[in-house]
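Its first residue numbered 1, the sequence shown is counted upward by one per residue in UniProt numbering. Report on one structure; see the data block that follows.
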Amino acid sequence: MTLFGKLETDVEIEAPASKFHEIFHQRPHHISNVSSDKIQGCEIHEGEWGKVGSIVHWNYVHDGKSCVAKEIIEAVDEENNMISFKVVEGDLLEAYKSFKLTIHCLPKEDKGSVIHWTLEYEKLHDEVPDSHSLLQFCVDVSKDIEAHLMEDDKEPVAQAEVTATAQA
Numbered sequence: 001m002t003l004f005g006k007l008e009t010d011v012e013i014e015a016p017a018s019k020f021h022e023i024f025h026q027r028p029h030h031i032s033n034v035s036s037d038k039i040q041g042c043e044i045h046e047g048e049w050g051k052v053g054s055i056v057h058w059n060y061v062h063d064g065k066s067c068v069a070k071e072i073i074e075a076v077d078e079e080n081n082m083i084s085f086k087v088v089e090g091d092l093l094e095a096y097k098s099f100k101l102t103i104h105c106l107p108k109e110d111k112g113s114v115i116h117w118t119l120e121y122e123k124l125h126d127e128v129p130d131s132h133s134l135l136q137f138c139v140d141v142s143k144d145i146e147a148h149l150m151e152d153d154k155e156p157v158a159q160a161e162v163t164a165t166a167q168a
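Right, here's the structure in full:
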């Protein structure tokens, strides 16, 4: 059994790729507002939101357990809506020697986007299972963010309809 692993998944969402990317790039601290059962908090520990080399501290619940992760932003590609984080401290390092996650937001031709998640890791020993539950966690958080982004898109329309009705 190999100690190195890579898990990938695609999540189709209706929201634009650029808006989804902006959440992880510039406003990850807002994720706890839209996925509070999974993400309890996110704070900048060092640096600035979205800047390579900055350190982000996460509090989250995975498999029913409260966890923490301190991650360094390794790469940002704003043009291609991609960001990579490397875990430098926290619960994941109890089972993994290294752990990196990449979020690549790809616009679809018609509307919406595909969020491509990649988890790359090296296990501490061969008894550590591949983290399919963590990949599912990423899918679930993606869906929560999508619901929030789609709700935001609907609000101006609803307001415009109310204004138009009031003037009629």
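We put the CB at the ideal spot given by N, CA and C, even for glycine.
Quiz item: For residue 15, which of helix, strand or coil comes out of DSSP?
Solution: Residue 15: coil per DSSP, three-state reduction.
Quiz item: Using the rule of at least 16 other Cβ atoms within 10 Å of the residue's Cβ for burial, across every protein chain shown, is residue 94 buried or exposed?
Solution: By the neighbour-count criterion, in which a residue is buried when 16 or more other Cβ atoms sit within 10 angstroms of its Cβ, residue 94 is exposed.
Self-check item: Cβ neighbours of residue 138 in the same chain (closer than 6 Å, five flanking residues each side left out)
Solution: For residue 138, where only same-chain residues beyond five positions count, the Cβ hits under 6 Å are 117.
Quiz item: Can you name, in chain order, every residue of its own chain whose Cβ lies under 6 Å from the Cβ of residue 104, other than the five neighbours on each side?
Solution: 82, 116.
Quiz item: When the Cα atoms are used, what is the spatial distance from residue 53 to residue 110?
Solution: Looking at the two C-alpha atoms, the distance is approximately 35 Å.
Quiz item: Hey, does residue 72 have any beta-carbon neighbour from chain B nearer than 9 Å?
Solution: Looking at the structure shown, chain B is missing, and only one protein chain is on hand.
Practice problem: Grab me the residues of residue 15's own chain with a C-beta within less than 8 Å of its C-beta, minus the 5 sequence neighbours each way, in chain order. | Solution: 112, 113, 145, 146, 149, 150, 153.
Quiz item: residue 56 and residue 142 look like a contact to me (Cβ under 8 Å); what is the Cβ gap, rounded to whole Å?
Solution: In fact, because the Cβ distance is near 18 Å, the residues do not count as touching under 8 Å.
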